[in-house]
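If you use mature numbering (1 follows the signal peptide of the UniProt record, and there is no 0), the sequence shown corresponds to residues -26 to -1, 1 to 248, in order.
Step one of this worksheet: look at the structure below.
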Amino acid sequence: MPRLSIFATIAASAVAFVSVVPSASGFQLGSGGRVMWENNCNFNGNDYRWMTGIPDVCGDVCASDSTCTHWTWTNSNGGICWFKKGTRSTKAQKYGTHCGYVVSRSASATTTTTSRTQAEARGQAPAAAASTSTSTLSAVSGLSNADMGLMLSRINAYRAQYGLKALTVDNRLVTAAALHSRDQANRCTMSHTGSNGSGVGYRINAQGYDFEVAKENVAAGQSSVDEVMTAWWNSPGHRANLLSSDVENVGFGKVVNNGCGSYGTYWTQDFGSL
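In structure tokens form, the structure reads like this:
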């Protein structure tokens, strides 16, 4: 039977970090076929910005940033992605680091359901949603373009019935929601608390969304947008988040882990206002 969370609404958050080192070795495709990455390697020099987080997200961010050509992840301070531009230096072997480079800016159609792992952004906030393409948001969220549109239209249709303003998708909330869905799927556990102890406010602030209000819905086991939206709508607490008058943006995340049995699909909606 699908599950719903107790809804979360907050205005402040705690701080915690988590890092994971991939076990693979040798350059291999990642981030939906957009990058090549390897463990225990380093590219020296040409840094232009950085972001704290786990290694899985470095390639996703680099491939979505037209300036970034390659990167190195180090395990200091909970993990840092060092984004680089220009010609790559000769790859150096360095234990406990992770490096990679961009081979394409667009994800393959077969990997758009891949979402992101928990990360905490620092150094430079992501761009606003208006400057992010629908295809990029879809690749990050784990939902298809059609399902992204369907979920947003369902939310705004509900809100219109009550005279509430329509919400817009913000890419920072999409990233936060997708990372949290991935984190839940990795643990086969539905929760508003991340594996690193984080709450929704910390997670969206970590993506550069300096919120005034933060709210979240999560669910597990529903197989479609219609099913999960109906479940949330029929739950008073989750419906209250959908109909909040003090939010203006939303982001969605979905991740499937078939190893979790009947609760293998993890959904997250993050709401906020600036």
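Using N, Cα and C, we set each Cβ at its ideal position, and we do this for glycine too.
Predicted model, so just to flag it, every value in this text is computed and none were measured.
query: If we count Cβ pairs, one from each stretch, closer than 8 Å, do we get three or more for the region 154 to 164 versus the region 220 to 233?
result: They touch, by the three-pair rule.
query: To which residues of the same chain is Ser115 closer than 8 Å at the C-beta, ignoring the five residues directly before and after it?
result: Cβ within range, chain order: Ser89, Met122, Val148, Ala151, Ala152, Gly225, Phe226, Gly227 and Lys228.
field: Where Pro29 falls, given that 16 or more other Cβ within 10 Å makes a residue buried
entry: Buried, because 16 or more other Cβ atoms sit within 10 Å of the Cβ of Pro29.
task: Taking 8 Å as the threshold, find out whether the region 192 to 208 comes into contact with the region 121 to 140 through three or more Cβ pairs.
output: With three or more CB-CB distances shorter than 8 Å, the region 192 to 208 counts as touching the region 121 to 140.
task: Measure the alpha-carbon distance for Asn231 versus Asn20 and round it to whole angstroms.
output: Rounded to the nearest angstrom, the two C-alpha atoms are 37 Å apart.
field: Per-residue burial, Ser172 [other beta carbons within 10 Å of its own, 16 or more giving buried]
entry: A residue is called buried when at least 16 other Cβ atoms come within 10 angstroms of its Cβ; Ser172 meets this threshold and is buried.
- request: Using a threshold of 8 Å, state whether the C-beta atoms of Trp47 and Lys58 are closer than that.
  value: 8 Å or more divides the Cβ of Trp47 from the Cβ of Lys58.
- prompt: Given Ile54, which residues of its chain have a CB within under 6 Å of its CB, disregarding the five upstream and five downstream residues?
  reply: Trp24, Thr26 and Thr48, listed in sequence order.
query: So what's Leu153 in DSSP terms, helix, strand or just coil?
result: Three-state DSSP puts Leu153 in a helix.
field: Counted within 10 angstroms of its Cβ, other Cβ atoms place Pro100 as buried (16 or more) or exposed
entry: With a pLDDT of 36 at Pro100, under the threshold of 50, the modelled position of that residue is not reliable, and no figure is offered here.
C-alpha gap between Val221 and His166, whole angstroms: So the alpha carbons of these two residues sit roughly 19 Å apart.
Beta-bridge pairing of Leu138 - partner residues as DSSP gives them: According to DSSP, which records beta bridges pairwise, Leu138 is partnered with nothing at all.
Environment of Arg79 [buried if 16+ CB atoms lie within 10 Å]: Its Cβ having fewer than 16 others within 10 Å, Arg79 is exposed.
query: Cα separation between Leu117 and Thr242?
result: Between Leu117 and Thr242, the C-alpha separation is close to 11 Å.
field: Distance, Gly246 Cα to Val143 Cα
entry: Taking the straight line joining both Cα atoms gives about 10 Å.
field: Sequence-distant residues of its chain with Cβ nearer than 6 Å to Trp11 (five each side left out)
entry: Here the set comprises Gly4, Gly33 and Gly74.
message: My output table needs one value for Thr41: the three-state DSSP class, helix, strand or coil.
response: Here Thr41 sits in coil by DSSP.
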